[in-house]
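Student: Dropping the structure in here first, questions after.
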Amino acid sequence: MTATTTSARSELSELGRSETALRTFLHGLPGVDQVGAEQRAAQLGTRSIKTTAKAQAIDLAIRMVDLTTLEGADTPGKVRALAAKALRPDPADPSCPHVGAVCVYPAMVPYVAEVLRGSGVHLASVATAFPSGQAPLEIKLADTRAAVAAGADEIDMVINRGAFLAGRYKEVYDEIVATKEASGDAHLKVILETGELATYDNVRRASWLAMLAGGDFIKTSTGKVPIAATMPVTLVMLEAVRDFREATGRQVGVKPAGGIKTTKDAIKYLVMVNETVGPDWLDPDWFRFGASSLLNDLLMQRTKLTTGTYSGPDYFTLD
Amino acid sequence: MSERVAVRKTYKLFIGGKFPRSESGRSYLVQSSNVSLASRKDARDAVVAARAAVKGWAGATAYNRGQILYRAAEMLEGRREQFVALGIPGDEVDAAVDRWVWYAGWADKVAQVYGGANPVAGPYFNISAPEPTGVVAVVAPERPALLGLVSVIAPAIVTGNTVVVAASPTEPLAAVTLAEVLATSDLPGGVVNILTGAITETAPTLAAHMDVNAIDLTGVTDAALATDLEVKAAENLKRVLRPAPADHDWSVDPGLDRMTALLETKTVWHPKGV
Amino acid sequence: MFEYAPAPESRSVVDLKPSYGLFIDGTFVDPTDGGSFKSINPASEEVLAEVAEAGAQDVERAVRAARKAYDKVWGPMPGRDRAKYLYRIARLIQERSRELAVLESLDNGKPIRESRDVDLPLVAAHFFYYAGWADKLGHAGFGANPRPIGVAAQVIPWNFPLLMLAWKIAPALAAGNTVVLKPAETTPLTALLFAEICQQADLPAGVVNIVTGAGETGRALVEHPGVDKVAFTGSTDVGRAIARSVAGTRKKLTLELGGKAANIVFDDAPIDQAVEGIVNGIFFNQGHVCCAGSRLLVQENVADRVLESLKRRMAQLRVGDPLDKNTDIGAINSAAQLERIRELSDAGSAEGAERWSPPCDLPDRGFWFAPTIFTGVTQAHRIAREEIFGPVLSVLTFRTPAEAVEKANNTPYGLSAGIWTDKGSRILWMADRLRAGVVWANTFNKFDPTSPFGGYKESGYGREGGRHGLEGYLNV
Numbered sequence: 000m001t002a003t004t005t006s007a008r009s010e011l012s013e014l015g016r017s018e019t020a021l022r023t024f025l026h027g028l029p030g031v032d033q034v035g036a037e038q039r040a041a042q043l044g045t046r047s048i049k050t051t052a053k054a055q056a057i058d059l060a061i062r063m064v065d066l067t068t069l070e071g072a073d074t075p076g077k078v079r080a081l082a083a084k085a086l087r088p089d090p091a092d093p094s095c096p097h098v099g100a101v102c103v104y105p106a107m108v109p110y111v112a113e114v115l116r117g118s119g120v121h122l123a124s125v126a127t128a129f130p131s132g133q134a135p136l137e138i139k140l141a142d143t144r145a146a147v148a149a150g151a152d153e154i155d156m157v158i159n160r161g162a163f164l165a166g167r168y169k170e171v172y173d174e175i176v177a178t179k180e181a182s183g184d185a186h187l188k189v190i191l192e193t194g195e196l197a198t199y200d201n202v203r204r205a206s207w208l209a210m211l212a213g214g215d216f217i218k219t220s221t222g223k224v225p226i227a228a229t230m231p232v233t234l235v236m237l238e239a240v241r242d243f244r245e246a247t248g249r250q251v252g253v254k255p256a257g258g259i260k261t262t263k264d265a266i267k268y269l270v271m272v273n274e275t276v277g278p279d280w281l282d283p284d285w286f287r288f289g290a291s292s293l294l295n296d297l298l299m300q301r302t303k304l305t306t307g308t309y310s311g312p313d314y315f316t317l318d
Numbered sequence: 000m001s002e003r004v005a006v007r008k009t010y011k012l013f014i015g016g017k018f019p020r021s022e023s024g025r026s027y028l029v030q031s032s033n034v035s036l037a038s039r040k041d042a043r044d045a046v047v048a049a050r051a052a053v054k055g056w057a058g059a060t061a062y063n064r065g066q067i068l069y070r071a072a073e074m075l076e077g078r079r080e081q082f083v084a085l086g087i088p089g090d091e092v093d094a095a096v097d098r099w100v101w102y103a104g105w106a107d108k109v110a111q112v113y114g115g116a117n118p119v120a121g122p123y124f125n126i127s128a129p130e131p132t133g134v135v136a137v138v139a140p141e142r143p144a145l146l147g148l149v150s151v152i153a154p155a156i157v158t159g160n161t162v163v164v165a166a167s168p169t170e171p172l173a174a175v176t177l178a179e180v181l182a183t184s185d186l187p188g189g190v191v192n193i194l195t196g197a198i199t200e201t202a203p204t205l206a207a208h209m210d211v212n213a214i215d216l217t218g219v220t221d222a223a224l225a226t227d228l229e230v231k232a233a234e235n236l237k238r239v240l241r242p243a244p245a246d247h248d249w250s251v252d253p254g255l256d257r258m259t260a261l262l263e264t265k266t267v268w269h270p271k272g273v
Numbered sequence: 000m001f002e003y004a005p006a007p008e009s010r011s012v013v014d015l016k017p018s019y020g021l022f023i024d025g026t027f028v029d030p031t032d033g034g035s036f037k038s039i040n041p042a043s044e045e046v047l048a049e050v051a052e053a054g055a056q057d058v059e060r061a062v063r064a065a066r067k068a069y070d071k072v073w074g075p076m077p078g079r080d081r082a083k084y085l086y087r088i089a090r091l092i093q094e095r096s097r098e099l100a101v102l103e104s105l106d107n108g109k110p111i112r113e114s115r116d117v118d119l120p121l122v123a124a125h126f127f128y129y130a131g132w133a134d135k136l137g138h139a140g141f142g143a144n145p146r147p148i149g150v151a152a153q154v155i156p157w158n159f160p161l162l163m164l165a166w167k168i169a170p171a172l173a174a175g176n177t178v179v180l181k182p183a184e185t186t187p188l189t190a191l192l193f194a195e196i197c198q199q200a201d202l203p204a205g206v207v208n209i210v211t212g213a214g215e216t217g218r219a220l221v222e223h224p225g226v227d228k229v230a231f232t233g234s235t236d237v238g239r240a241i242a243r244s245v246a247g248t249r250k251k252l253t254l255e256l257g258g259k260a261a262n263i264v265f266d267d268a269p270i271d272q273a274v275e276g277i278v279n280g281i282f283f284n285q286g287h288v289c290c291a292g293s294r295l296l297v298q299e300n301v302a303d304r305v306l307e308s309l310k311r312r313m314a315q316l317r318v319g320d321p322l323d324k325n326t327d328i329g330a331i332n333s334a335a336q337l338e339r340i341r342e343l344s345d346a347g348s349a350e351g352a353e354r355w356s357p358p359c360d361l362p363d364r365g366f367w368f369a370p371t372i373f374t375g376v377t378q379a380h381r382i383a384r385e386e387i388f389g390p391v392l393s394v395l396t397f398r399t400p401a402e403a404v405e406k407a408n409n410t411p412y413g414l415s416a417g418i419w420t421d422k423g424s425r426i427l428w429m430a431d432r433l434r435a436g437v438v439w440a441n442t443f444n445k446f447d448p449t450s451p452f453g454g455y456k457e458s459g460y461g462r463e464g465g466r467h468g469l470e471g472y473l474n475v
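Protein chains in written order, with numbering that gives the first Met the number 0: chain Z, 0 to 318; chain B, 0 to 273; chain D, 0 to 475.
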């Protein structure tokens, strides 16, 4: 880290002390032109990724999947099966890599932990009164601590969108700081719920707010509101982590979640990562897909590439 | 008792709102008067004056330009007898006033008729609007001395151009008198500049001048001269209005052509997003 | 690292003949007094086809065919029927767009991504748009019964061969004129394929005539006394010569010439989109764009930041095989153009500007030039004044909006300009003051058939596109 970034980092760490300083900083970030951002994202989506590049991208995408189930109907049996799939996505092909993590509700963490222990697959738990975040802070922090205690090494928290949209940035900031502290050694992913933030300007501001407050990852969505991850939203977040590292020297990860269902979609995201932030982020430590059905499509395409024939859903596990 | 001795008028050039004599010190006898014989240097001075006036005149509101031109029509009407005394038929003067008023009203309408929104296939606001081309050199028709002159000046300036006019060499008194009308209206100096004298002397300078944006050859009757002027005008891609046919009827509705020929269309795009 | 494997578009959709004649009076004919020349692929220097070079007698035949078609068929035809032919052509272009896109990239060197996603959709849209005007001319604002001019001589450049053809032919035919068109000598092939499309559409013979050749053919065409209208897109020098040559004639002239557009970035700009706009402004189509944003005017207080972002972005540009779907920058169109770009770039270095290009491997064969920026450029440098027509950006700084306007307008050209700022009132203030025919605010290099395009000052006169585009083809 250079001397400039060190001093910039300490200056930026002061921002959280004052509502005014935070507001001034966040509103001083460059604006995002919606049409331009969407066109750039669409243009990146036209890259043609074939043969060896496609094979490479599919394996990387599998390693980046946060295999997720967040249903009221989740049971120990359901999440155990999911964890087993995370370890061996394609039982017929030992060369197939395992996924990045399994993502569940806090109550399900102990059952998943049994399966994943020692495997290298991370265990992510949503917390902080996911998905709405509408609970007293103490309860959100207790939620977080319980998840970590049960074995989660990644915490996916939600920000307080109500406070953000009302302009109470310090409140949002303080909650993230407190959750980070409650997470201990677990990695903190901060869910911005971009579908509720409505504008790319807000996405950029929320990204910076989460990073300034200490988030290790910024994540688009809970998957519980109509608009989940999109290419342009993820593009704006990638630009934010790029600029944040440039300013502070600290690298923050990005996780689009929800709505990414096909290999084609996943590859478009990887192209976007590659051309926006570069190879440093092309790693499961720095980029994840929050998804469930995506994995099976990746597996089908992987089989197609290795065998030359198109497979069908009956040949892949439904967990 | 002896008869009163009249005070005669000196007919001078009209440049930058002032009435200088030709810097060359020359004049020529025409219509029983000594009229300034403009030189190439006078033409260049007039271009400088016209250029200096562009910013203010093109930048004025259309409403303001319309008001000023209407004011000039009022002045013109008031001097009706003066033009008649120069030998211009009364109905030509009337037609000239009416023509001027007609054009004055276009000031705040031409952009609506000639511009507009374009429905592009994308999330963009897109609008085309006319703008003045800048400095326009005009060779006025030899006759009708007043109606012809008004019919070439008004459409050029109403949209925000400024002009350097080479007046009818054979009947220049109407032009100088019109200059007096304009000088006493609220028209800013330099918007209209009038050169009297030989077209063959002034027009080639104007046609070749690199700071002139357009040339109106309406009054050029010599085909070889017209071609020569058009060739000169090509050097900086001036917009060119070719000579009017000899039998052109100046009394008919002129349409928009004289205005639009001296307009540029600017199209502005902007994304629509939140 | 994530290396993209080659993703070549198949060229098998294109069925090239070894040689092509002139398209006169509805058929392909051999030249009578002309010769022939070869059209090559600028990415490989491979000969694509041999093409006829029209001589003066061939031009004479073409003009005569156009006159006959004008007098006997196209002039008298009701607008609604002209419209139907144009709609047919638009549809045929859509149906054959892949073939046309591949051929365009082969002959021109532009990336298939652009010929496929930009050129061809715009070509079809242009014919579609003007088709609808053919039976509505009385409502276009040029009088109740506007008349066509007659035979139009049209000379087009090599940078957007088919798109420039569309910009010329569609409004001319809609208005009831017939045409003789000369494509550029380095890019004649898609115009000849378009001639086949005219045949496929059963367009009456002589309505569209295509004469291939170089400058001499073009001169013979625009100077032909049987021509009523001349439309030219190309360099300002040639435009000037054409303006001289039509002096004293009845020919109506429209010219779309060079440019040296300023792309102005303020400190409150949406920086990431501005950087995209800068890249699109100068590297789109290898910078072979008359309205290219070839002068970046960046506010001094954000210059370092913008340049850093720009360089990072430029490092992502993929230069190479035009037919690879992932190529961003293709081949320079000709050896002569490459030479000009080199000469002006060397002048930039010699005059003290600082030159930078991202690392990139250029192919051994063909004509290539790496995307390049010059910083430390002043208005006095040749690279800030002369049109380079290549992937070379000159970067200048300014301090205030008034200074930006002054520098932007300080050129004999006036085709286009860009403004990047989040402040709406500043955009409108700037747009009012920029002497340019197209002003892109918070975007750049956008085109649409409904949107008039054309320049101020030495960038030419007349407008192409939109209702305004009809004016040059009607007696108004």
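We put the CB at the ideal spot given by N, CA and C, even for glycine.
Bear in mind the structure is a predicted one, so any value in this text is a computation, not a measurement.
Quick check on D/Glu562: does DSSP put it in helix, strand or coil?
Tutor: No information on residue 562 of chain D is available, as it lies outside the stretch 0 to 475 that chain D covers here.
Student: From the beta carbon of Z/Asn273, is the nearest beta carbon of chain C less than 7 Å away?
Tutor: Checking the listed chains, one finds no chain C in this structure; the protein chains it contains are Z, B and D.
Student: I want to see whether chain B comes within less than 7 Å of Z/Gly258, judged by CB atoms only; does it?
Tutor: Taking Cβ atoms only, chain B never reaches closer than 7 Å to Z/Gly258, which makes this a no.
Student: To the nearest angstrom, how far is the alpha carbon of B/Arg257 from that of B/Val135?
Tutor: Between B/Arg257 and B/Val135, the C-alpha separation is close to 12 Å.
Student: Could you tell me the alpha carbon to alpha carbon distance between D/Asp24 and D/Leu256, rounded to whole angstroms?
Tutor: Distance between the alpha carbons of D/Asp24 and D/Leu256: 30 Å.
Student: Just to make sure I have the definition right: I need the residues of chain D whose C-beta is within less than 7 Å of the C-beta of Z/Ile48. Which are they?
Tutor: Correct list: Tyr3.
Student: Does DSSP put Z/Ile259 in a helix, a strand or coil?
Tutor: Reduced to three states, the DSSP call for Z/Ile259 is coil.
Student: Closest Cβ-Cβ distance between B/Val267 and chain Z: below 7 Å?
Tutor: By this cut-off, B/Val267 is not an interface position.
Student: Under 8 Å Cβ to Cβ from Z/Val272, same chain only, skipping five residues before and after it: list those, please.
Tutor: Excluding residues within five positions, the ones whose Cβ falls inside 8 Å are Leu237, Val253, Trp280, Leu281 and Phe286.
Student: Give the interface partners of D/His467 over in chain B, defined as CB-CB distance under 8 Å, in chain order.
Tutor: Within chain B, the residues near D/His467 are Ser127 and Thr264.
Student: Chain D partners of B/Ala202, CB-CB under 7 Å?
Tutor: Chain D residues near B/Ala202: none, gap ~14 Å exceeds 7 Å.
Student: So what's B/Asp93 in DSSP terms, helix, strand or just coil?
Tutor: Residue state, collapsed to three classes: helix.
Student: Please tell me whether B/Leu236 has its Cβ less than 7 Å away from any Cβ of chain D.
Tutor: Judged by the 7 Å Cβ criterion, B/Leu236 is in contact with chain D.
Student: Once you ignore the five residues that flank Z/Val183 on each side, which residues in its own chain have a CB closer than 7 Å to its CB?
Tutor: A small correction: the amino acid at residue 183 of chain Z is Gly; Val does not occupy that position in the sequence shown. Excluding sequence neighbours, Z/Gly183 sits near Val147.
Student: List in chain order: all unbroken alpha helix (DSSP H) runs of 4+ residues lying wholly within the region 195 to 260 of chain B.
Tutor: Correct list: 198 to 207, 222 to 232 and 256 to 259.
Student: Can you pull out the residues from the region 25 to 42 of chain Z whose beta carbon lies closer than 7 Å to at least one beta carbon of chain B?
Tutor: Against chain B - using a Cβ distance shorter than 7 Å - the residues of the region 25 to 42 of chain Z are Asp32, Gln33, Val34 and Gly35.
Student: CB B/Arg70 to CB B/Ser184, shorter than 7 Å?
Tutor: Going by C-beta atoms, B/Arg70 is nearer than 7 Å to B/Ser184.
Student: On the premise that D/Ile331 lies in contact with D/Leu337, defined as a C-beta separation below 8 Å, what is that separation, rounded to the nearest angstrom?
Tutor: Sure, about 4 Å apart at Cβ, within 8 Å.
Student: Just the Cα atoms here: how many angstroms apart are Z/Glu192 and D/Gly436?
Tutor: So the two alpha carbons sit approximately 43 Å from each other.
Student: Report the partner residues of D/Pro147 according to the DSSP bridge assignment.
Tutor: D/Pro147 is bridged to D/Leu473.
Student: Give me the Cα-Cα distance between D/Ala209 and D/Leu21, rounded to the nearest whole angstrom.
Tutor: The residue asked about is misnamed: residue 209 of chain D is Ile in this sequence, not Ala. Their backbone Cα atoms lie some 6 Å apart in a straight line.
Student: Can you list, in chain order, the residues of its chain whose CB lies under 6 Å from that of Z/Met0, leaving out five sequence neighbours each side?
Tutor: Note that Z/Met0 has pLDDT 46, beneath the 50 cutoff, so the model's placement of it is unreliable and no number is given.
Student: Any C-beta of chain B sitting closer than 7 Å to the C-beta of Z/Thr198?
Tutor: By this cut-off, Z/Thr198 is an interface position.
Student: May I ask you to verify whether the region 76 to 96 of chain Z touches the region 131 to 139 of chain Z, counting CB pairs closer than 8 Å and requiring at least 3?
Tutor: They do not touch, by the three-pair rule.
Student: In terms of alpha-carbon separation, which member of Z/Val270, Z/Ile266, Z/Ser220 and Z/Lys84 lies closest to Z/Pro255?
Tutor: When only C-alpha atoms are compared, the closest one is Z/Ser220.
Student: Report yes or no: do three or more beta-carbon pairs, one from the region 44 to 53 of chain B and one from the region 23 to 34 of chain B, lie closer than 8 Å?
Tutor: Touching, no.
Student: Use the C-beta contact count for D/Arg115: other C-beta atoms within 10 angstroms, 16 or more gives buried, fewer gives exposed.
Tutor: So D/Arg115 ends up on the buried side.
Student: How about B/Thr158: is its C-beta nearer than 7 Å to some C-beta of chain D?
Tutor: Output row for B/Thr158: interface = no.
Student: Less than 7 Å between the C-beta atoms of Z/Val34 and Z/Val235, yes or no?
Tutor: Cβ atoms of Z/Val34 and Z/Val235: not closer than 7 Å.
Student: Please look up how many angstroms separate the CB atoms of D/Tyr460 and D/Ala174, rounded, as I've assumed it's under 8 Å.
Tutor: Between D/Ala174 and D/Tyr460 the Cβ distance is about 18 Å, and since that is not below 8 Å, they are no contact.
Student: What are the complete beta strand (DSSP E) segments, minimum 3 residues, inside the region 42 to 87 of chain Z?
Tutor: You should have 64 to 67.
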